[in-house]
Structures are given as C-alpha cells and as structure tokens.
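Student: One structure follows; several queries about it will come next.
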Amino acid sequence: QKEVEQNSGPLSVPEGAIASLNCTYSDRGSQSFFWYRQYSGKSPELIMSIYSNGDKEDGRFTAQLNKASQYVSLLIRDSQPSDSATYLCAVNAAGNKLTFGGGTRVLVKP
Amino acid sequence: GAVVSQHPSRVICKSGTSVKIECRSLDFQATTMFWYRQFPKQSLMLMATSNEGSKATYEQGVEKDKFLINHASLTLSTLTVTSAHPEDSSFYICSASRPGQRNEQFFGPGTRLTVL
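Those sequence lines, one after another, are chains A and B.
Add 19 to a position in the first sequence, counting from 1, and you land on the number used in our numbering.
Add 24 to a position in the second sequence, counting from 1, and you land on the number used in our numbering.
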C-alpha cells in the first residue's frame, strides 16, 4: 500500500487560474510535509514546507495541512506556463527519510 | 542558501565498467545525504541513506555491493555503480539535509547514467 498518494494528472489549468493539488498520507505520526517541483529531465526543487495545521503562503504558493484528515494540498495562484511541471508531495514519517508520492503533472495552457 | 552539486551531470559508459558519482553540499554541512534513482515517468526511489563517518543504510532490494556509498566528510558523499549494466541506466539524484531544518532535503542536479 502506497504511503503517500497523489493524483497523477495531468491537471490542465488555464493561464492565470488557480491550480489545486492534493496529497494524502497514511502515517498519522508524520510531522513534516513538503512540496517539490520537478521539471522534465531535472531534479526536484523544494518550493514549500509545512509542519502545522493550517495554511502557509509563499508568493503565489499556498500549502494547506490537515493532520486529522491526513491531507496536504498546494495551491498555485495566477498559474503561469512556467509552472508546468510535476509536483511531488513528500512526507517525513520515519527518522529523517522522506516518502514521496508519485507526483501530479500540471499543464498550464496560455 | 542550500546548494547541492553533483558531478558528473551525464555519463555514458560501457557495460561492466564502474562509475563514480559525487555529491557535495556547497554551503552547509550535511550529516545525512540520500541517494535516489528515478526511471522515466516514475517517482523518486530512495536507494540509501548516507551518514558521515558510518556505513550507509540501504533500502530493501538495493544491492549494497553493487551501489557503493562513501560519505567521507560532512560535505561529500559518493555513489559508485560497480560493474554497470544497461538496466542500471537511470537518473541518479542525491540530496542533503541540513541539521536542525526539520528534515528538509535539498537535491543536487542529478546524474544521467547511460550504460551501453
């Protein structure tokens, strides 16, 4: 059973709209949650980290965490074509290792 | 910042040879580094956790004699793919975590290995 689940997409979003990405995880003891962006052929880049319930905003990105529902999401406001990438949800559940979801591919269409 | 470098970025080798990949944390000391492998259109697969001064911890199914990891200093870890075969062709990515940063991992740019 996968520990971190994401919809693989692709999530197609018009330019300027909000992209909403979801991630669920199975380990209730998870404490740290991350969103990475990965362009095709490149390595992942950390864009958001969140540790407590609620919202965390950074520029056009907002991460939302609900530990009771074991759910973490990422909103991308004013989506741009340059946001087209695969977004990986990662959860720290044991020690210092991260467990990654399969990623959601986002396509922003001009 | 938190910059991690990898070298080489791309390598092509013949079957049966060994390839060494270096991972360096440039602006921080990384007590722990991680090695991942990623096949096309798949997510990251953790291969091993590398701790400075101690033996690496390998994930289930990863052959420790084939993928040799050395973490000789707080800024350098190396992965050696021994006796490489075409099925080892993949994108190898390292990451490093900063002490006290709640398990944030910063990734190197990756090494694309092609074994002929």
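Just so you know, even glycine gets a beta-carbon here, dropped at the ideal spot from N, CA and C.
In this text the structure is predicted, and so the values were computed from the model without any measurement.
(1) Could you check how far apart the C-beta atoms of residue 98 (chain B) and residue 128 (chain B) are, in whole angstroms? I think they sit under 8 Å.
(2) Taking the straight line between their C-alpha atoms, what separation do you get for residue 47 (chain B) and residue 119 (chain B)?
(3) Along chain A, in chain order, which residues have C-beta atoms closer than 9 Å to that of residue 73 (chain B)?
(4) Taking the C-alpha atoms as reference points, what is the distance between residue 67 (chain A) and residue 50 (chain A)?
(5) For residue 68 (chain B), go through chain A and note every residue whose CB falls closer than 8 Å to its CB, in chain order.
(6) Our contact map puts residue 27 (chain A) next to residue 124 (chain A) with C-beta atoms below 8 Å; I'd like the distance itself, whole angstroms only.
(7) Can you pull the chain A neighbours of residue 46 (chain B), defined as C-beta to C-beta under 7 Å?
(8) If I measure Cβ to Cβ from residue 81 (chain B) and keep anything under 7 Å in the same chain, skipping five residues before and after, which residues do I get?
(9) Taking Cβ positions, are residue 114 (chain A) and residue 67 (chain B) nearer each other than 9 Å?
(10) Pull out every residue of the stretch 56 to 88 of chain A whose Cβ sits closer than 9 Å to any Cβ of chain B, in chain order.
(11) Pairs of beta-carbons, one from the stretch 90 to 107 of chain A and one from the stretch 29 to 43 of chain A, closer than 8 Å: are there three or more?
(12) What residue from B:61, B:31, B:124 and B:29 has the CA that sits closest to residue 85 (chain B)'s CA?
(13) Does the beta carbon of residue 138 (chain B) sit closer than 9 Å to a beta carbon anywhere in chain A?
(14) Which residues, in order along the stretch 110 to 135 of chain B, keep a beta-carbon less than 7 Å from a beta-carbon of chain A?
(15) Is any heavy atom of the ligand MN found at a distance shorter than 8 Å from the C-beta of residue 124 (chain B)?
(16) Could one say the Cβ of residue 106 (chain B) lies closer than 9 Å to chain A's Cβ atoms, at least one of them?
(17) If we ignore side chains and look at the alpha-carbon of each, how far apart do residue 119 (chain A) and residue 44 (chain A) end up?
(18) Who are the neighbours of residue 56 (chain B) on chain A, taking C-beta pairs under 8 Å?
(19) Output, in chain order, the set of chain B residues within a Cβ distance shorter than 8 Å of residue 122 (chain A).
(20) Going by DSSP in three states, residue 51 (chain B) sits in which element: helix, strand or coil?
Tutor: If we stick to the structure as given:
(1) A Cβ-Cβ distance of about 17 Å is found for the pair residue 98 (chain B) and residue 128 (chain B), leaving them out of contact under the 8 Å criterion.
(2) 8 Å
(3) 114, 115 and 116
(4) Rounded to the nearest whole angstrom, the C-alpha separation of residue 67 (chain A) and residue 50 (chain A) is 14 Å.
(5) Ordered by position in chain A, the residues that pass the 8 Å Cβ test against residue 68 (chain B) are 63, 107 and 119.
(6) In this structure residue 27 (chain A) touches residue 124 (chain A) by the C-beta definition: roughly 7 Å separates them, less than 8 Å.
(7) The premise fails here: residue 46 (chain B) is roughly 15 Å from chain A at the closest Cβ pair, so nothing lies under 7 Å.
(8) Hits under 7 Å: 72 and 73.
(9) no
(10) 57, 60, 61, 62, 63, 64, 65, 68 and 70
(11) yes
(12) B:61
(13) no
(14) 117, 121, 126, 127, 128, 129, 130, 131, 132, 133 and 134
(15) Because no ligand of any kind appears in the structure shown, any question about the ligand MN cannot be addressed here.
(16) no
(17) Whole-angstrom Cα-Cα distance: 10 Å.
(18) 115
(19) Correct list: 67.
(20) coil
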